[in-house]
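Written out below as structure tokens is the structure these notes cover.
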Amino acid sequence: MKREVRTSPSAWDFIVIGLVLTAALTAALFPALFSRDAAYARITLDHGHEVVLPLSQDTVYDVDSNGYTLSVHIEDGAVYITDATCPDRVCVNSGRIVRDGEIIVCVPAMITVEIVSEKEGADYVVG
Amino acid sequence: MSSVNRKLTRRIAYDAAFLILALGLSYLEALFPLGAIIPIPGFKLGLANVVVMLVLWRISVADAAIVSLLRVTVMGMLFGTPMSFLFSFCGALLSFAVLVLLRKTASGRISFIGVSVLSASAHNMGQLLCAGIFFGFGVVSSYLPFLLVASTVFGALSGAVINAIYPPLEKIRTEEKSV
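Protein sequences, first through last, are from chains A and B. Under this note's numbering, think of the first position of the first sequence as 3, with each following residue one higher. Under this note's numbering, think of the first position of the second sequence as 12, with each following residue one higher.
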């Protein structure tokens, strides 16, 4: 029995490539399709305490952790860090996080800033 | 030696050879980590899939399944973590299912380029679905567009490789015929 095999591209190959790229574009343009509403920024500090800030309110929040100071900005529902006194500044270069589950980590200062949809587990809510 | 034994021995030897070939290609990819250039987890060429597709089309579903799943398992044991193994396993499973489906339904209508692109996308979706269960779908979905574009580019490349090498390979007698 000989199986028919195709080794030159047909229209189907291009249709498949087109469909996969369309899916990629859709996922890139409409991230809301795949993630829930992000509502809070959860900042976890070196001593394990958490601070939760609502994303709906633009603010600048300075945190001290493990001897370093970081400035957490909330602006138009996005979170980013400026003015870190830590040596590597990876957190500053992480840029803006917007979506639920996205996270900025500062290893020297032992801080994580994470976008969450619920405020459960927080020690205190600011704002 | 009976003919059944000879067949079995031949099959074990073939599958082992293809497994080594797939592992070698996976190892080659691990030596030159693309992740260092483009920092997306799960971003790789997928050269080993070339071997899996060839075995699937030239030999049988069972042999290709053995090569694919053993490759993922061995790579996981040697270089991975239990977590990365689980993700790869989910990817390999979904990608293999897509390959079997395409071989049954679309062989002759679509070339290896399309087959390979779909299989690579399925691999990445499988990985992401599995990762989503652990990290939340919000986190992993941000990788989806990048991984799908990568699937298209690298899938098309390995598909083109198979398109080129398949005709000469077809002249080689398969094990069933030669026994």
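Ideal placement from N, C-alpha and C gives every residue a C-beta, glycine not left out. Keep in mind it's a predicted model, so treat the numbers as computed, not measured.
Query: Rounded separation between Phe29(B) and Ser122(B) - CA only; Result: 22 Å
Query: Counterpart residues of Cys108(A) in DSSP-defined beta bridges; Result: Ile113(A)
Query: Among Ala133(B), Leu140(B), Ile31(B), nearest to Met86(B) - alpha-carbon criterion; Result: Ile31(B)
Query: CB-CB length for Leu47(A) against Ile113(A), believed under 8 Å; Result: 6 Å
Query: Backbone secondary structure at Leu72(A) - three-state DSSP; Result: strand
Query: Cβ of Leu30(B) within 8 Å of any chain A Cβ; Result: no
Query: Three-state secondary structure assigned by DSSP to Asp15(A); Result: helix
Query: Pairwise C-alpha distance: Gly102(B) and Thr61(A); Result: 42 Å
Query: Whole-angstrom distance between Pro110(A) and Pro89(A), CA atom to CA atom; Result: 8 Å
Query: Cβ neighbour criterion (16 or more within 10 Å) applied to His49(A); Result: exposed
Query: Residue environment, Gly137(B), which counts as buried when at least 16 other CB atoms sit within 10 Å; Result: buried
Query: Exposure label - Leu129(B); buried when at least 16 CB within 10 Å; Result: buried
Query: Reduced DSSP secondary structure (H/G/I, E/B, other) of Ala234(B); Result: Not covered by the structure: residue 234(B). The range shown for chain B is 12 to 190.
Query: Closer than 9 Å at the beta carbon, the chain A residues around Ile144(B); Result: Residues of chain A passing the Cβ test: none, with the nearest at roughly 13 Å.
Query: Ser79(B): first and last residue of the uninterrupted alpha helix (DSSP H) it sits in; Result: 72 to 90
Query: Sufficient close CB pairs (3 or more, under 8 Å) joining the region 16 to 27 of chain B to the region 65 to 77 of chain B; Result: yes
Query: 7 Å Cβ cut-off: residues of chain A touching Val63(B); Result: What Val63(B) touches in chain A: nothing, since even the nearest Cβ is about 16 Å away.
Query: Proximal residues of chain A, C-beta to C-beta of Gly119(B) below 7 Å; Result: Glu6, Val7, Arg8
Query: Val111(B) versus Ser96(A) - alpha carbon distance; Result: 41 Å
Query: CB contact flag (Val109(B), Gly170(B), <8 Å); Result: no
Query: Residues that Ile124(B) contacts on chain A, provided the C-beta gap is smaller than 7 Å; Result: Pro11, Asp15
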